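Please read the structure below before turning to the comments.
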Amino acid sequence: MRKSKKSPSSPKRRASPKRRADLRILGSGEAFSSGLGNCSYLLSGPFLPTLLIDCGYQIPERLWALPGAGGALDGIYFTHLHADHCFGLVPLVTRFQEEGRTRALQIFGPRGCEHFFKTLLNLGYPGVFRGLNYRLKFTELEAGNSFRWRGLQIS
Numbered sequence: 361m362r363k364s365k366k367s368p369s370s371p372k373r374r375a376s377p378k379r380r381a382d383l384r385i386l387g388s389g390e391a392f393s394s395g396l397g398n399c400s401y402l403l404s405g406p407f408l409p410t411l412l413i414d415c416g417y418q419i420p421e422r423l424w425a426l427p428g429a430g431g432a433l434d435g436i437y438f439t440h441l442h443a444d445h446c447f448g449l450v451p452l453v454t455r456f457q458e459e460g461r462t463r464a465l466q467i468f469g470p471r472g473c474e475h476f477f478k479t480l481l482n483l484g485y486p487g488v489f490r491g492l493n494y495r496l497k498f499t500e501l502e503a504g505n506s507f508r509w510r511g512l513q514i515s
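Sequence positions in the sequence shown follow our numbering and run 361 to 515.
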């Protein structure tokens with residue numbers, strides 16, 4: 361009797377641990393949802409940077425409720441500059457300062473985000489940049505373009 365061969369279109373593959381990513385939902389509500397939190401996600405995995413996708417005003421508290429998540433954060437990607445997607449940046453940046461962060465934080469966002477966030481931070485805590493022990497690195501993105509960052513392809 362002949363052994364049957366598996367078809368080439370359905371080979372059995374094991375997921376590579378390098379390619380595994382975890383996406384944790386930190387919030388799934390809209391701007392004024394109570395209890396659901398603002399839309400935000402935390403992407404992480406072995407050999408990948410930890411990236412927060414959006415950071416509304418309810419997100420910093422949810423992020424710090426996860427053991428080690430705040431300190432592991434490498435970057436934030438802002439989909440757009442509405443309050444429910446980005447007003448959590450001020451408490452996040454100042455909490456990192458209080459905790460003694462020294463590692464740079466990468467911030468991705470639409471064109472104009474660097475000016476927007478620097479203004480927002482200075483309105484929240486005037487002079488915050490004078491005492492910051494870590495660097496905020498801004499990358500402004502054009503709508504519809506994809507980018508690559510530390511092993512992640514984001515489009």
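Yeah, the Cβ is synthetic: ideal placement off N, Cα and C, and Gly gets one too.
No experiment lies behind these values; they were computed from the predicted model shown.
In the three-state reduction of the DSSP assignment, L426 falls in the coil class. For R455, the uninterrupted alpha helix (DSSP H) segment begins and ends at L449 to E458.
Within the region 391 to 428, the complete beta strand (DSSP E) runs of at least 3 residues fall at 400 to 404 and 410 to 413. Looking only at A425, P427, L386 and F392, the smallest Cα-Cα distance to I413 is reached by L386. The region 482 to 494 makes no contact with the region 403 to 413; the number of CB pairs closer than 8 Å stays below 3. By the CB criterion at 8 Å, L449 and F477 fall inside the cutoff. The three-state reading of DSSP puts E500 in strand, counting E and B together. In the structure shown, the three-state DSSP call for F507 is strand.
In this structure, N398 is the residue among P470, N398 and S388 with its C-alpha nearest to the C-alpha of F447. Per DSSP, the beta-bridge partners of F468 are Y437 and T499. Three or more Cβ pairs drawn from the region 466 to 473 and the region 491 to 500 lie within less than 8 Å of each other, which places the two stretches in contact.
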